[in-house]
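Anchor point for the sequence shown: position 2 equals 1 in our numbering, and the numbering is continuous, going up by one each time. So the structure is just underneath, and the comments pick up after that.
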Amino acid sequence: MDTLVMDDVLAQVRLALERDDLAGAAAVIEALQPADQADLVEELADADQVALFSHLHPADLADVMEEMEDGDAASLAELLPVADLAGILDEMEADEAADVLGDLSPELAAEALLEMEEAEDVLPLLRYPDDTAGGLMTPAVVTLRRGWRAKKALQELRLAEPAADSVYYLFVTDTEGILKGVVGLRDLVVASPETTIEAMMDPNVVSVPVAADQEVCARTLSRYGFLALPVVDEISRLVGVITADDLIEVAEDEATEDMYRMVGITGEEQVWGPLRASVLKRLPWLAINMVTLFVAITVVDLFEPVIAGMVILAVFLPLVSGEGGNAGSQTTTVIVRGIALGEVDEHNGLRMLNKEFAAALINGTIIGFGTGLAIYIWKGEWVIALAVTLAMILNFLMAALAGVLVPLGLKAVKVDPALASAAFVTGITDTMGFLFFLGIATLLMAAAVAYAGA
0 MDTLVMDDVL AQVRLALERD DLAGAAAVIE ALQPADQADL VEELADADQV ALFSHLHPAD
60 LADVMEEMED GDAASLAELL PVADLAGILD EMEADEAADV LGDLSPELAA EALLEMEEAE
120 DVLPLLRYPD DTAGGLMTPA VVTLRRGWRA KKALQELRLA EPAADSVYYL FVTDTEGILK
180 GVVGLRDLVV ASPETTIEAM MDPNVVSVPV AADQEVCART LSRYGFLALP VVDEISRLVG
240 VITADDLIEV AEDEATEDMY RMVGITGEEQ VWGPLRASVL KRLPWLAINM VTLFVAITVV
300 DLFEPVIAGM VILAVFLPLV SGEGGNAGSQ TTTVIVRGIA LGEVDEHNGL RMLNKEFAAA
360 LINGTIIGFG TGLAIYIWKG EWVIALAVTL AMILNFLMAA LAGVLVPLGL KAVKVDPALA
420 SAAFVTGITD TMGFLFFLGI ATLLMAAAVA YAGA
């Protein structure tokens, strides 16, 4: 919903609440889509949320809580009477209910489970972490047998009345629950009534283990273009299904997490989150980056006499380090993304390094010579122009080297490349940029003096 429209609706709800018109506020919210309802509820004070929930149907409340952020949904759940909470959880998808229960205190979660009528669907999911296939899946409800005919399979579907988003594919299992094949819903509907399931099923089913990380699940779904993904245990028994909408949310969360980590922010930070949380998430990696910058400053300090003799050198230091840092960030971003998607690992890292070296050499040469020419025309100092040109080329190559090896090295020692790469790559390109530029300038100045003396 458009921000201005949402603000107007929020104002209507708040006005109704101020007048103690809970029915009117509930009517405004019920006219919205669940995602918009969740956004609106999250803007209300805790007391208003609880009062409003008492006037909404449990099915509508379930839709709202499913769309809310996990932390906000858990906070709201803790404010509700246990009986009301249990009724809402019964209306929610099993995986969503498990997420809410997993974020509650053990005591409250246990009380809610005792009050729930459909706790048996949720309990198996609580064994798995939220970020695994087991934590994301919905328990498999409808399965087919190979020997069934199409008409019997359709009868079973009618009796089971599965949710609309859970029957894109129908999975075929044996009597032990072992996954044997998959049948598309369309194929079943258009098949002759006497056609057997075995005749129409595809036995080559792509599945994920119940302990698989959510990123693996999202990549698998994306790779094959599926709308649902079966989840199996260690003996290939079907235990659940992950639908595309669950993994779209996972992909968004993982992208957000990687984006934050690329700039040194640990954990997800909300735009309007607490100040203390923002400080604590950012400070550690700012401190590490400061250490790497002190290394770079130490290199500059070594050349203090040279800079004192030709102060103009200091003007161009940021040019060399800045372009090297940009090049390093580009390479690092590509490599970290490749690692996250499973495209880059230690086995193909050398091939990736060759490619990045080639790109760095071409880009460094073009940028270096262009910059050097501009400096010579501007200042008329061939020593500085040549030093900048050579230093840029070398620093671009260093950026490529660091941008590939640092993320792969961090991954090898079990440190998240997205979290730590930026600080180290920036420190390396700054330090080496200063060293290349001031070192080459020193050699060229000495050569110029010697040539003049001769």
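Quick reminder that beta carbons are idealized off the backbone N, C-alpha and C, glycines included.
Nearest-angstrom Cα separation, counted from residue j out to residue i
| i | j | result |
| --- | --- | --- |
| R18 | A46 | 14 Å |
| A295 | I247 | 42 Å |
| L316 | E342 | 36 Å |
| D138 | V121 | The sequence shown places Pro at residue 138, not Asp. If I take the Cα positions, the gap works out to 8 Å. |
| D429 | V298 | 10 Å |
| E197 | A93 | 30 Å |
| H346 | M5 | 50 Å |
| K151 | I87 | 34 Å |
| M91 | Q213 | 21 Å |
| E268 | L279 | Because the pLDDT of E268 is 49, which lies under 50, any placement of that residue in the model is unreliable, and the number read from its coordinates should be weighed accordingly. When rounded, the distance between both Cα atoms is 10 Å. |
| V225 | A243 | The displayed chain sequence assigns Phe, not Val, to residue 225. Looking at the two C-alpha atoms, the distance is approximately 7 Å. |
| I361 | L292 | 27 Å |
| D344 | M431 | 26 Å |
| L79 | I234 | 41 Å |
| G308 | Y375 | 19 Å |
| F433 | A358 | 22 Å |
| V12 | D83 | 22 Å |
| F435 | K413 | 32 Å |
| T195 | V189 | 13 Å |
| E66 | A72 | 9 Å |
| V63 | M289 | 44 Å |
| A159 | D7 | 42 Å |
| D363 | A132 | Looking at the sequence shown, residue 363 is not Asp but Gly. Straight-line Cα distance between these residues: approximately 44 Å. |
| P57 | D245 | 22 Å |
| V81 | L43 | 21 Å |
| L39 | V209 | 35 Å |
| N325 | A451 | 38 Å |
| V405 | P416 | 8 Å |
First and last residue of the uninterrupted alpha helix (DSSP H) at residue i
| i | result |
| --- | --- |
| V27 | 21-29 |
| K151 | 149-159 |
| A399 | 381-411 |
| V215 | 213-223 |
| G134 | 132-135 |
| I241 | I241 -> not in any alpha helix (DSSP H); beta strand (DSSP E) instead, spanning 237-242. |
| M199 | 196-199 |
Other residues of its chain near residue i: CB distance less than 6 Å, five sequence neighbours each side excluded
| i | result |
| --- | --- |
| R236 | G176, I177 |
| E95 | E65 |
| Q36 | I28, V63 |
| I287 | A422 |
| A211 | A132 |
Residue i: CB within 7 Å of a non-hydrogen atom of the ligand FMN
| i | result |
| --- | --- |
| G327 | For the structure depicted, the ligand FMN is absent and the ligand set is empty, with no information on it obtainable. |
Sequence-distant residues of its chain with Cβ nearer than 7 Å to residue i (five each side left out)
| i | result |
| --- | --- |
| G402 | G327, T330, T331, I334, E355, V424 |
| L393 | F435 |
Beta-carbon contacts of residue i that lie in its chain and below 8 Å, excluding the five residues immediately before and after
| i | result |
| --- | --- |
| W271 | Residue confidence is low: W271 scores 49 on pLDDT, short of 50, so the model does not pin down where it sits. No coordinate-derived value is stated. |
| G70 | D102 |
| A313 | I306 |
| V181 | Y168, L169, F170, V171, M200, D201, V204, P229 |
| R126 | G133 |
| P128 | G134 |
Segment limits, beta strand (DSSP E) that includes residue i
| i | result |
| --- | --- |
| P229 | 227-231 |
| G454 | Here the chain covers residues 0 to 453 and nothing more, so residue 454 does not appear. |
| F170 | 168-172 |
Status (buried if at least 16 other CB within 10 Å, exposed otherwise) for residue i
| i | result |
| --- | --- |
| D98 | buried |
| S420 | buried |
| N353 | exposed |
| L184 | exposed |
| I338 | buried |
| K410 | buried |
| K378 | exposed |
| V310 | exposed |
| L100 | buried |
Item to check | Any beta strand (DSSP E) of 3 or more consecutive residues that is wholly inside the region 40-87 | outcome: Taking 3 residues as the shortest admissible run, the region 40-87 contains no complete beta strand (DSSP E) segment at all.
Next on the checklist: My parser needs the beta strand (DSSP E) runs of 3 or more residues fully inside the region 88-125; what are they?
Outcome noted: Correct list: empty.
Next on the checklist: Just to confirm the assignment: which complete beta strand (DSSP E) runs, minimum length 3, are found wholly within the region 309-346?
Outcome noted: Counting only runs of 3+ residues, no beta strand (DSSP E) is found wholly inside the region 309-346.
Item to check | Minimum length 4: unbroken alpha helix (DSSP H) runs contained in the region 348-378 | outcome: Segments of the alpha helix (DSSP H) lying fully in the region 348-378: 348-378.
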